[in-house]
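**Student:** Chains as they are written, first to last, in this note's numbering: chain H, 110 to 229; chain W, 11 to 498; chain E, 50 to 721; chain Z, 114 to 597.
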Amino acid sequence: MQGIITNYFETGAIILFGVGFVTLLLHNNLIKKIIGMNIMDTAIFLFFISKGYIEGREAPIVKEINATKEGFVNPLPTGLMLTGIVVAVSMTAFALALTIKLYEKYGTIELNEIMKMRSD
Amino acid sequence: MIIKSFPLLTIIFLFITSFTMPLFKKDVISKRLSFITLSISSVISLISVIYIKFNGEIYYRVGHWDAPWGIELHVGIIEGIIGLVFTSVATLAIWYSMFSLERSMKERIGFYYLLINILIGSLLGIVYTNDLFNAFVFIEVSTIAACGIVVIKNKKENIKAALKYLILSILGSGLVLMGIAFIYSITGNLNMTFIHNELIKIHGQYQSTVLITLVLFTIGLGVKSAMFPLHTWLPDAHSNSPASASAILSGLVLKAYVFLLIKILFRVFGLEIISQYPLLDLILILGSAGMIMGSVLAILQRNIKRVIAYSSVAQMGYIFYGIGLGNELGLAMAIYHIIGHALTKSTLFLSVGSIIEQTGNHKLTDLRGVGKEMPVTLSIFTIGAFSMVGIPILPGFISKWYFALASIEAGKLLYLGVILASSLLNALYYFPIVINSFFGEENLKGRVYMSKNKPLKELVPVLVLTLLVFLIGIFNKGIIDAIRLDLF
Amino acid sequence: MENVLILLIILPFVGALISFLIGLSNERLRDIFTVILTACELLLLTLIWGRVQSGGMELYVPDIMGTGLYLKLDVFRYVFVWITSLIWFLTTIYSTQYILKYKNRNRYYTFFILTFASTIGIFISENILNLFTFFEIMSITSYILVIHDEDRYTHEAGRTYIGMAIGGGLILLMGLFLLFDYTATLNISEIPDAINDIGNIKYLISSLMIIGFGVKASIVPLHIWLPKAHPAAPAPASAVLSGILVKTGIFGIIITVNIIMNGDFILSSIIMGIGFVNMILGGFLALFQRNIKRILAYSSMSQIGYILLGIGLIGLLKEHKIIAIYGVVMHIFNHAIFKVLLFLVVGIIYMIIHDVSINVVRGFGKHKGLLKAVFIVGALAIMGIPGTNGFISKTILHDALSEAHHQYDSYWFVVAEVLFVLGSSLTVAYLMKIFVAVFVDSSEKYIGQYKDHIRKRAILPMVILSIMVFYIGINPNLVLKFMTGIESTFGVTSSFHIDFYSFDSLKSTMIVLVIGLSIYFGFVKKYLLKIIDGKKMYVNPSLNWISLEKDIYLPVLKAIYRTSSDFFHIIDNSAINVIKNLTIGIKKLSEFDFEEEKNKKINKEVSVGMSKIEGIKDAYGNIRDQGSEKAKGELTNFLISVRNKMNSIIYSIFIFALILVIFLVSLVLLNR
Amino acid sequence: MSNTVMLIPMFFPFLASTLLGMIKFATKEKRNIFVASIIIANFLFLLLIIYLKGTIDVHLFMVNNFLDLYFKIDKLGILFAMLASTLWIFTAFYSFSYMTHEGKEKRFFVFFTFTLGITISIAFAGNLFTFYVFYELLTLSTFPLVIHSGTREALESGKKYLIYSFGGATLVLLGMILLFSISQDMTFIPNGVFRNIFIDNSKLLLSIYMILFIGFGVKAALVPFHSWLPSAMVAPTPVSALLHAVAVVKAGVFAIIRVSYYIFGSKTLENINGNLYISFLIIFTILLGSLLALHQENLKKRLAYSTVSQLGYILLGVVLLNENALIGGILHLVNHAFIKILLFFCAGAIYFTTGKKTIGEIKGIGKKMPITMWCFAIATFSLIGIPPANGFVSKWYLAAGGLNSNNVLFVIILLVSAFLTAAYLLPIVIAAFFQGDKDINNTENEPPLSMLLPIILLTAIVVLLGLFPNHVLNYIESIAKTIV
């Protein structure tokens, strides 16, 4: 219990991940599914960034406070997550584009309805 | 040495050329550009393989950053060979598609070649990179490119298939990213070599973290490489795309992910760590299940491309089987099977592609007697099928043989039965196709000999592939030895 | 000089082929050729008589038929070979007349001579495997003689004949296998020494061999082919079947019992017992028959009983066996003569009226003097009337029996003496039946002499044989001299003397005659001659009796055949069935695949597209028929929906989650 | 290097068949001459090499211990190769006429020639791997021959043939893997690769042996894996004849001899009781074959079941593990090859000239085709094992072998089966010669000379083999002495 409270970032991330995953699982609406995926991605970003953050330290771009190595947090996770966000956005965009296409072809974005109209 | 930068060069080269393609109005130019760049990459890959053979593996630091901080490429002989196979198969597939793609689709031709270049570039990146996060990025790039290729035909099946592929891929890459986060949180490194050194020291303290990470990676990459119950996206995606795309998707894309999984399991964690968990057994079980069920599902199909797609599931099962055995030979054979299957499956898809293209039929029942109309193509298909079934000297047989030896070595005698059953099942769906197309009075009635034969020049790439299949089979010894040498 | 032995075999073998070739172009020439051929053989044999008398001949030809060919001719064998040649010579002459009206004459002569060759081979083989070889060849070549008529009856008889011959041959072969395995030798003269050391297995071996030879010798209960086959064959063939071929079996039994087993007591007693059964049963059944040839066939069986009795006595008499030896050989010799004579007579009848049923040919011979005379000669001989050769051999055998009685002093021998007399009496009775019916009764139908049907060359053999009957009967010592030396084969050198025409023997003949006639008048005339439709007809109640072949052998064989066939049919299809069931399983899974389309299309699809293994259609059909349509429909729909869901995005994600959970849980659980 | 010359008889047919496929012949006669010259030339090559070189070996292609294409000429191989080449010549001539009825002759002859090469390669294969490779190829190259007619029935049978064969081959593969994992050596050596190694895990060895035996037994029509053989009878007669006589089923038997005596060795087998369990299957094989043959109305099918039981004899000879039995087995392999090919040729000749297939139809045919039926009759007697025909000699040795190992049961079964053989074959002969309408016009109607001549020559060989078996016998004895 103690650990969950102390590592509240991580706890939050896991909860978010769960929310995202459940959304992904239980919703038939394609858009909602994509939102669920986004939530999951966000959870992972949160988790990752929290790993890079140490209480009381500064970002390495702030020059005045602590010039030593110990004074700064690790900038790498943040940097990585920037990349990650870009990737996630592009993925979402692509998925949404496909969703539009799907709507064009099937006339619905409810997956259970699509499932029922098998083409072959 | 300039050669040391060749791996990076191929990746960048492929990316850059792909971005220039939209600049040209004519599809023909992008088509040729793609072909030329890919063939140049294959030559470069060949040179690097030869270089590695004589000078040892290459560690290349991108942008001169030192290892833990900068991105590093690590190209040993295994990576080299796989890179060579990827580029050359892609070259041949593109060569093939240069003649045939227009016949199956009218628009977005240029776009297709662009995606292919990106895809191959990113796959090479996955194979070469020694940096986990870098690998993740390449995975995402390749996913988008692959989905793009699937959806390149503007049909509703394609869109649905692509969407399914995309969603599952995103899920998979989400898990991978999560795994990377865990690894990073306990080791503070992204470079595989460094992570490994760190993990050796500390894995005792973080047992459950390591365990969860392992599962995240296995499932994440497993879904992308169609590990058995997670394969559901594969048949739809592969069977609906153009022939050359199917060849690349089935032959290369899957293999890159599974190779990354091998790298993560055995390079990042190391056999020492993973053998503490029953993970490998689970992989072995799923692999075996894939070998059997893939074939069984293939038997039930009526569309020839779906048959071959399901056969991919079974063949991926073999690779997972090799990983799951967890001994040196099994692993080496998994990698050999990656190579062998990449070539064989591309051969099969390309030959089937030309059959469908020429006859317009894709149902098994309609393809009876087609052997009389296009004997050359079907002979090629037959050779591919023989390899799958495991006729000696062809790579399929070599894999099966050594897989079997490896399972004896690992003391898992019961699993021999799986190998045998699976090869019998393979025979059960490949042979009827071959037999019904070549033989049978009723089947051959009304068919005109050689009437639908493809021009020989269009078949050249497939013939070259067939030749490569034979070579891989015949020179298995050298390849396997090289792989084993470089394994750990 | 030794090479004459191989010549003896090769001459008829090659002659058979030559006669076939000649017969293709000129039948008359072939007839002459075959007669000359058999004459040459007989002449050749007669010429080497002196040589054989002075010590026998042996010849070994290596590198042939695996073991090589080992031939031997001593006096014992010589008697067999000589009588064979003589009979063949005479029957060949007879055949040239008899067979004229038949089809396939060329084939007949070829196989007739081939049978001759193999019979000679049997008698002069020293290596028992060679003997077996010729034995088998003879079975097959004689089969073709049996079915010469090619009608339903002959085919049925032929089937029994060849079936039993081959079966018997194989049993014999089993015996030989064991014999060779235990003694490591195949030469008849070496076996007796070797067989002493092998324990009780020798009884098994010898029983197998006796059964094997016994089929040919028609010992009870292996006789069933004989009454079928002998009537079926053309008369000259029946004659040699009865006169000589049956003796090959006897020859084998003598070899087995008296040479190989050295007259073992147990075996000899059994053979003697079988001999009595043969004697009585054969004679008894002969009484009932209406087909003359069949009467004669049963008579042969009965006479074989005498010979078997003698063979048993050889063993029982030990040091005094010489008398039994002569009795046996003599009876074999004599039986060949008179039985062939009788068959030839019947053949003449058949030639003229194409029937030998006693009811049809009644009164045929009343006015035919010569025929009647020859028949009487044969009949008297077989009855054992003094003055004929039959009397001589029966007397010797009877003496041997008394000798044994004297030696062992057991009540059984009293019974034996009674049976001996009874057997002879039955002989008298059944011959009376033929004689009275054919030659004494009168009939309006047959008045003419039919002289133009019969040529001299058909009569000649019968005359020669009749003369021999009397000549031997009157002057037995000549034949005894001819046979001198046969005892050396059995390892004895003593001599014996019999006063043939003593009071005792004449008295016993009289007793036999009286009993025989009383049987004839008391039983045959009374019970077997019924008046049907105003005509006197002989009836055969024994037809309704239990028949060994129809009621025991065939049902048993059929039962074995059926059950084993059923069993093996199951095995036969087992592999297929397993695969079938597997495919049914797969098919069940895949059924929904077709169910999506219109029902009509399904059957087409299945039959055309998916049938991967033979019989899958049936399997599929079965499923369709058996399962209740409604329930299956629901199941199918369910399966379809499952598969579709599996393939859909939603459920893919579920599977994904499921696998993730399973992995985590199982790893966590297994790790702890 | 001069040893590579021994590869000629193996690879010449491959080359020649490819040529045959490519050349367009002006007339049938030219093609026939070409085929005949290939096969005869190959026979001569073989003779020449055996005569000049004796027992030699060559590693064609050695990758490692296991992937090693290795050929070796030894006495057993010579026997098999000679048998195959001889029969191939006869079959070729027979086919020239016969196949005119079946059509697609060129395809037939291409695969026909190809199969010759494979069969000889099988004979000279020097290790199990090489054997296996050509064994698989044999299935593939005979498959087009089996389904030659291309009817639905033929295809179904072909599928059955393939499924069974590959099932068997898969088992063989499994056995090979296990074997290689414990012995690291799969070369065919007299007395086996285990002669110097002591393996205490006898159960493992036993199961390997059983797996290999059953695997190869599928081709050797071991019950219950035999049912492909009767179905494969839809093939044209020359093919059936070859399949039965030498090419396929005998390859299975040959494989079993190789595995039993050249891989395991008789001593090892005795130690692990390898023969015991197998012999039950063999007894079933013999009895089943001969009993079910009785039920077949179709002449060729009856012969097929007869093959099943005769193969049982050979296998029996192999597993009894003593010299006499082995001699009998190998001799029967040779004898049965000649007899069965002869029987099939006769059946084919009947079908060719009259179109009759079932036993009911051929009544009285002996009067129309006396020469053919005479040959058939002689073969029948040989097969039953009536002396002095050749079938008897091998049966004699088999029985002696059976008794040497105190198995009276085997001998009894041998004889029962011989009786059944008579029961299913003799009626054919009898029906042909002695039954049927007497009044029909009995004009002789023999098949063409190129079919009749092989039949007559084969009959002559059968008779000669029976009368003078000693040369062959001595040769086989010399083989058996080295390996038992």
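We put the CB at the ideal spot given by N, CA and C, even for glycine.
From a predicted model like this one, the values you see are computed outputs, not experimental measurements.
1) Measure from the C-beta of Z:Trp509 to each C-beta in chain E and report whether the shortest distance is under 9 Å.
2) For the segment 292-311 of chain Z, list every residue whose C-beta sits within 8 Å of some C-beta in chain W, in sequence order.
3) State buried or exposed for E:Glu663, treating a residue as buried only when at least 16 other CB atoms are found within 10 Å of its CB.
4) Return the Cβ separation of W:Lys9 and W:Thr369 in integer angstroms, given the expectation that the two are a contact with Cβ distance under 8 Å.
5) State yes or no: is the C-beta of Z:Phe225 within less than 9 Å of the C-beta of Z:Val148?
6) Note down, in chain order, every chain E residue with its Cβ under 9 Å from the Cβ of Z:Ile525.
7) Using 8 Å as the cut-off, can you tell me whether the segment 492-499 of chain Z makes contact with the segment 528-539 of chain Z, which would need three or more C-beta pairs spanning the two stretches below that distance?
8) Which value, in whole angstroms, describes the spacing of the CA atoms of Z:Phe156 and Z:Met195?
9) Mind pulling the chain W residues with CB within less than 8 Å of E:Ser715?
10) Closest Cβ-Cβ distance between Z:Lys272 and chain W: below 9 Å?
11) Just to confirm, are W:Ile418 and W:Leu426 a CB contact at a threshold of 9 Å?
12) Kindly list the residues whose CB is nearer than 6 Å to the CB of Z:Ser130, restricted to its own chain and excluding five residues on each side of it in sequence; keep chain order.
13) From the DSSP output, in three-state form, read off W:Glu112 for me.
14) Could you tell me how far apart the beta carbons of W:Ala416 and W:Asn337 are, in whole angstroms, since I believe they sit closer than 8 Å?
15) Which residues of the segment 458-492 of chain Z have a Cβ closer than 8 Å to any Cβ of chain W? Give them in chain order.
16) Between the segment 286-305 of chain Z and the segment 391-402 of chain Z, do three or more beta carbon pairs fall short of 8 Å?
17) Quick check on DSSP: helix, strand or coil for W:Leu290?
18) Just to make sure I have the definition right: I need the residues of chain W whose C-beta is within less than 8 Å of the C-beta of H:Ala204. Which are they?
19) Mapping DSSP to helix, strand and coil, what is W:Tyr70?
20) Name the DSSP beta bridge partners of E:Asn52, please?
21) Less than 8 Å between the CB atoms is what I'm expecting for Z:Val524 and E:Met481, so what's the real figure, rounded?
22) List the residues of chain E that W:Leu221 touches, going by C-beta distances under 9 Å, in chain order.
23) Got a sec: is the Cβ-Cβ distance from E:Ile702 to anything in chain H below 9 Å?
24) Going by the DSSP bridge assignment, what does E:Ser174 pair with across the sheet?
25) Drop a sphere of 10 angstroms on the beta-carbon of E:Phe572, count the other beta-carbons inside from all chains shown, and report buried for 16 or more, exposed for fewer.
26) When you compare the CB of E:Gly72 with every CB in chain Z, is at least one pair closer than 9 Å?
27) Give the residues of chain W in contact with H:Leu189, contact being defined as C-beta atoms less than 7 Å apart.
28) Flag W:Val233 as yes if its beta-carbon sits less than 9 Å from any beta-carbon of chain E, otherwise no.
29) Among E:Val394, E:Met432, E:Asp404, which has the Cα closest to the Cα of E:Gly418?
30) On a CA-only basis, which of E:Pro61, E:Asn327, E:Ser614, E:Asp112 is nearest Z:Leu407? Give me that one, please.
31) In angstroms, rounded to a whole number, what distance separates the CA positions of E:Ser697 and H:Asn137?
32) Let me make sure I understand the geometry here. Which of E:Asp112, E:Ile177, E:Phe125, E:Leu91 has the alpha-carbon closest to that of E:Met106?
33) How many Å lie between W:Leu226 and W:Ile210 at the Cα?
34) At a Cβ threshold of 9 Å, is W:Lys170 touching chain E?
35) If you draw a straight line from the C-alpha of H:Leu185 to the C-alpha of W:Gly381, how long is it?
36) Tell me whether the beta-carbon of Z:Leu412 lies closer than 9 Å to the beta-carbon of Z:Thr471.
**Tutor:** Here's the rundown:
1) Along the fourth sequence, read from residue 1 onward, the residue named residue 509 of chain Z stands at position 396. Yes - at least one Cβ of chain E is within 9 Å of the one on Z:Trp509.
2) Under the 8 Å Cβ criterion, the segment 292-311 of chain Z contributes Phe293, Ser294.
3) Locating residue 663 of chain E in the third sequence gives position 614, where the first residue counts as 1. With a pLDDT of only 42 at E:Glu663, under the threshold of 50, the placement of this residue in the model should not be trusted, and no figure is reported.
4) As displayed, chain W neither begins before 11 nor continues past 498, which places residue 9 of chain W out of reach and without an answer.
5) Position 112 of the fourth sequence holds residue 225 of chain Z. Position 35 of the fourth sequence holds residue 148 of chain Z. The criterion of a C-beta distance shorter than 9 Å is satisfied by Z:Phe225 and Z:Val148.
6) As a first step, residue 525 of chain Z must be located in the fourth sequence, where it is residue number 412. The answer, in chain order, is Met223.
7) At 8 Å Cβ cutoff, the stretches touch.
8) Your numbering for residue 156 of chain Z matches position 43 in the fourth sequence. Your numbering for residue 195 of chain Z matches position 82 in the fourth sequence. So the two alpha carbons sit approximately 8 Å from each other.
9) Translated into positions along the third sequence, residue 715 of chain E becomes position 666. The contacting residues are Pro288, Leu292.
10) In the fourth sequence, counting from the first residue as 1, residue 272 of chain Z sits at position 159. Yes, Z:Lys272 lies at the interface with chain W (some Cβ there is under 9 Å from its Cβ).
11) Residue numbering aside, residue 418 of chain W sits at position 408 when the second sequence is read from its first letter. Residue numbering aside, residue 426 of chain W sits at position 416 when the second sequence is read from its first letter. Yes, Cβ-Cβ distance for W:Ile418 and W:Leu426 is below 9 Å.
12) As a position in the fourth sequence, residue 130 of chain Z is number 17, starting the count at 1. These residues qualify, in order along the chain: Val223, Thr226, Phe227.
13) Taking the second sequence and counting its residues from 1, one reaches residue 112 of chain W at position 102. Looking at W:Glu112 - three-state DSSP - the assignment turns out to be helix.
14) One-based indexing of the second sequence puts residue 416 of chain W at position 406. One-based indexing of the second sequence puts residue 337 of chain W at position 327. So it is a contact: roughly 6 Å between Cβ atoms.
15) Correct list: empty, as no residue qualifies.
16) Segment contact: the segment 286-305 of chain Z against the segment 391-402 of chain Z, fewer than three CB-CB distances shorter than 8 Å; contact not assigned.
17) Mapped onto the second sequence, residue 290 of chain W falls at position 280. DSSP places W:Leu290 in helix when its eight states are reduced to three.
18) If you number the first sequence from 1, residue 204 of chain H lands on position 95. The contact set of H:Ala204 on chain W, defined by CB atoms closer than 8 Å, consists of Leu173, Leu176, Ile177, Ile180 in chain order.
19) Translated into positions along the second sequence, residue 70 of chain W becomes position 60. The DSSP-derived three-state label of W:Tyr70 is strand.
20) The count along the third sequence starts at 1 and reaches residue 52 of chain E at position 3. The partner list for E:Asn52 (beta bridge, DSSP) is empty, contrary to what the question assumes.
21) Within the fourth sequence, the letter at position 411 stands for residue 524 of chain Z. Within the third sequence, the letter at position 432 stands for residue 481 of chain E. Approximately 50 Å separates the beta-carbon atoms of Z:Val524 and E:Met481; this is outside 8 Å, ruling out the contact.
22) Looking up residue 221 of chain W in the second sequence gives position 211. W:Leu221 reaches chain E at Leu713, Leu716, Val717, Asn720, counting residues in chain order whose Cβ is nearer than 9 Å.
23) One-based indexing of the third sequence puts residue 702 of chain E at position 653. Judged by the 9 Å Cβ criterion, E:Ile702 is in contact with chain H.
24) Taking the third sequence and counting its residues from 1, one reaches residue 174 of chain E at position 125. Looking at the DSSP assignment, E:Ser174 forms a beta bridge with E:Leu120.
25) Position 523 of the third sequence holds residue 572 of chain E. So E:Phe572 ends up on the exposed side.
26) Here residue 72 of chain E corresponds to residue number 23 of the third sequence, with the count starting at 1. With 9 Å as the cut-off, E:Gly72 does not count as an interface residue toward chain Z.
27) Translated into positions along the first sequence, residue 189 of chain H becomes position 80. The CB of H:Leu189 comes closer than 7 Å to the CB of Phe143 in chain W, given here in chain order.
28) Translated into positions along the second sequence, residue 233 of chain W becomes position 223. With its beta carbon less than 9 Å from one in chain E, W:Val233 belongs to the interface.
29) The sequence position of residue 418 of chain E within the third sequence is 369, counting from 1. Nearest of E:Val394, E:Met432, E:Asp404 to E:Gly418, Cα basis: E:Val394.
30) Locating residue 407 of chain Z in the fourth sequence gives position 294, where the first residue counts as 1. Nearest C-alpha to Z:Leu407: E:Ser614.
31) Position 648 of the third sequence holds residue 697 of chain E. Position 28 of the first sequence holds residue 137 of chain H. Cα-Cα distance, rounded: 11 Å.
32) Taking the third sequence and counting its residues from 1, the one referred to as residue 106 of chain E is at position 57. It is E:Phe125 whose Cα lies nearest to the Cα of E:Met106.
33) Taking the second sequence and counting its residues from 1, the one referred to as residue 226 of chain W is at position 216. Taking the second sequence and counting its residues from 1, the one referred to as residue 210 of chain W is at position 200. Rounded to whole angstroms, W:Leu226 to W:Ile210 spans 19 Å at the Cα level.
34) Position 160 of the second sequence, counting from 1, holds the residue named residue 170 of chain W. So, interface residue.
35) Residue numbering aside, residue 185 of chain H sits at position 76 when the first sequence is read from its first letter. Residue numbering aside, residue 381 of chain W sits at position 371 when the second sequence is read from its first letter. Roughly 59 Å separates the two Cα atoms.
36) Position 299 of the fourth sequence, counting from 1, holds the residue named residue 412 of chain Z. Position 358 of the fourth sequence, counting from 1, holds the residue named residue 471 of chain Z. Going by C-beta atoms, Z:Leu412 is nearer than 9 Å to Z:Thr471.
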